[in-house]
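Residue 1 is where the sequence shown starts when you use the UniProt record's numbering, and the numbers rise one by one after that.
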Amino acid sequence: MRRDLVGSKGANHVLDCNLVCVQFELAGSGVDDCIHGVFPTSFLETSSDLTGSWLPFQPAPAHRACAGIKQENKRLTVQFAELLDSFLSHLISRRDPLVQRFLGGLSGAMRSRLLPTRRLPCERHLAPALAYADGPTLPLLRQFVQDGPALNWGQTYSATDLGRDFLDNYGWVELFGTRGHFENDLVAGGFLVLGPNTLYPDHHHLAEELYVPLTGGTEWHKGDAEFKEQAAGALIHHASDVNHAMRTADAPLVAIYLWRGGPLAAKSTLS
């Protein structure tokens with residue numbers, strides 16, 4: 001991964017600090033219906049728009065405040081870009097046509113979005129999940145565990161929908177998409193976490209979905225099929241509006257997901 005810090009954008013705004021630009025090159029196949037030697041060549045940019053920033057204001061001279069914000073934003077942007085690099089590298093290494101089709105929307109640039117850190121109770125399951133990862137999935141899971149406390153965690157449902165116990169054992173991080181750490185209007189991708197002994201009941205959504213569990217031991221089902229345990233690293237595809245569900249046992253679930261072909265921030269319909 002190459003990191004280039006581009007010069008100041010302008011002097012008219014005291015907090016219009018340096019533009020951070022991260023370029024990453026991944027060896028392997030391209031995914032825009034062709035095969036290329038390098039994919040993707042993308043610029044991940046962050047501006048200094050601090051709306052919704054997680055950094056509390058501290059009275060200080062303007063230049064000192066700006067310097068501190070700049071350094072923290074640069075550090076987090078590079079940290080999250082490295083997680084994105086690992087996320088895409090893991091998928092591209094599969095050399096699977098289905099994965100390539102999903103990743104076709106990532107051939108362009110993705111700007112970094114400065115999001116507030118948000119924590120959820122389900123994060124307590126991340127470290128124990130390492131014991132259930134397979135060899136190829138372990139490095140990505142380990143990096144996610146390390147970066148988890150700095151990320152923006154979300155939940156689709158409320159306690160009215162599925163109960164407080166479910167919410168205490170459920171959460172996701174959108175790494176890229178219409179609301180993620182990196183902007184993309186065509187494809188969303190990130191991480192899903194479910195705690196042990198948790199049922200994520202039947203639900204469906206317009207977007208087509210692809211999961212890769214980083215941990216084993218979870219049972220999955222879709223349509224009229226029975227629940228079936230899937231190993232870490234399996235490819236699990238859900239077509240548009242097909243009911244599907246997940247059920248954990250003793251092991252927590254950490255999975256990466258991709259959404260395409262529908263509203264990327266839509267709430268799933270519980271069946």
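A virtual CB, placed ideally from N, CA and C, is assigned to each residue, including glycine.
Q. What is the DSSP secondary structure of G195, reduced to helix, strand or coil?
A. Within the sequence shown, the letter at position 195 stands for residue 195. It is coil, neither helix nor strand.
(Q) Alpha carbons only, please: which of G135, V145, A133 is nearest the one belonging to L126? (A) Locating residue 126 in the sequence shown gives position 126, counting from the first residue. Cα-wise, what sits closest to L126 is V145.
(Q) Need the endpoints of the alpha helix (DSSP H) that T160 sits in, please. (A) Along the sequence shown, one-based indexing puts residue 160 at 160. Its alpha helix (DSSP H) spans residues 159-162.
Q. Using a Cβ-Cβ cut-off of 7 Å (strictly less than) and excluding sequence neighbours within five positions of P105, which residues of its own chain qualify?
A. In the sequence shown, residue 105 corresponds to position 105, counting from 1. In the sequence on display, residue 105 carries Gly and not Pro. Hits under 7 Å: N184, L186, V187, R260.
Q. Taking C-beta to C-beta, are L214 and L98 nearer than 9 Å?
A. The sequence position of residue 214 within the sequence shown is 214, counting from 1. The sequence position of residue 98 within the sequence shown is 98, counting from 1. No, the pair does not count as a contact, with Cβ atoms beyond the cut-off.
Q: Assign V242 to buried or exposed, taking buried as 16 or more other Cβ atoms, counted over all protein chains shown, within 10 Å of its Cβ.
A: Counting from 1 along the sequence shown, the entry for residue 242 is found at position 242. Burial call: exposed.
Q | Within 9 Å, strictly: CB atoms of T248 and E219 | A | Numbered from 1 along the sequence shown, position 248 holds the residue referred to as residue 248. Numbered from 1 along the sequence shown, position 219 holds the residue referred to as residue 219. A contact, by the Cβ cut-off of 9 Å.
Q. What are the boundary residues of the alpha helix (DSSP H) that Q155 is part of?
A. For this step, residue 155 is matched to residue 155 along the sequence shown. Careful: Q155 lies outside any alpha helix (DSSP H) and carries neither H nor E.
Q | Stretch pair the segment 226-241 + the segment 192-212: three plus CB contacts closer than 8 Å | A | yes
Q. Who does K70 pair with in a DSSP beta bridge?
A. Within the sequence shown, residue 70 is the residue found at index 70, counting from 1. Note: K70 sits in no beta bridge, so no partner.
(Q) Rounded to the nearest angstrom, what separates S268 and P196 at their Cα positions? (A) In the sequence shown, counting from the first residue as 1, residue 268 sits at position 268. In the sequence shown, counting from the first residue as 1, residue 196 sits at position 196. Whole-angstrom Cα-Cα distance: 22 Å.
(Q) Checking 9 Å against the spacing of the C-beta atoms, do C122 and N169 come in under that value? (A) On the sequence shown, position 122 is the one that residue 122 refers to. On the sequence shown, position 169 is the one that residue 169 refers to. In this structure, N169 lies closer than 9 Å to C122 by Cβ.
(Q) Assuming G213 is part of the beta strand (DSSP E), what are its boundary residues? (A) Sequence index remark: in the sequence shown, residue 213 carries index 213 (1-based). According to the sequence as given, residue 213 is Pro; it is not Gly. From DSSP, the beta strand (DSSP E) with P213 extends over 208-213.
Q | Three-state secondary structure assigned by DSSP to F150 | A | Stepping through the sequence shown from its first residue, residue 150 is reached at position 150. In the sequence on display, residue 150 carries Ala and not Phe. The answer is helix: DSSP assigns A150 an H, G or I state.
Q: Mind reading off the beta-carbon distance from V193 to P252? Whole number of angstroms is fine, and I expect it under 8 Å.
A: Counting from one through the sequence shown, the residue named residue 193 turns up at place 193. Counting from one through the sequence shown, the residue named residue 252 turns up at place 252. Contact holds; Cβ gap of about 7 Å.
Q) Secondary structure at V99, three-state DSSP: helix, strand or coil? A) Sequence index remark: in the sequence shown, residue 99 carries index 99 (1-based). Residue state, collapsed to three classes: helix.
(Q) What does the Cβ neighbour count give for P40, buried or exposed, with the cut at 16 atoms within 10 Å? (A) The sequence position of residue 40 within the sequence shown is 40, counting from 1. Confidence in P40 is poor, its pLDDT being 38 and thus under 50, which makes the residue's placement too unreliable to answer from.
Q: Could you check what DSSP says for H205 in three-state terms: helix, strand or coil?
A: On the sequence shown, position 205 is the one that residue 205 refers to. In this structure, H205 counts as coil in the three-state DSSP scheme.
Q) How long is the line joining the alpha carbons of K228 and G216, rounded to whole angstroms? A) Reading the sequence shown from its first residue, position 228 is the one you call residue 228. Reading the sequence shown from its first residue, position 216 is the one you call residue 216. When rounded, the distance between both Cα atoms is 12 Å.
Q: Report the three-state DSSP secondary structure of A245 (helix, strand or coil).
A: Start at 1 with the first residue of the sequence shown, and residue 245 comes out as number 245. Of the three classes helix, strand and coil, the one that applies to A245 here is strand, per DSSP.
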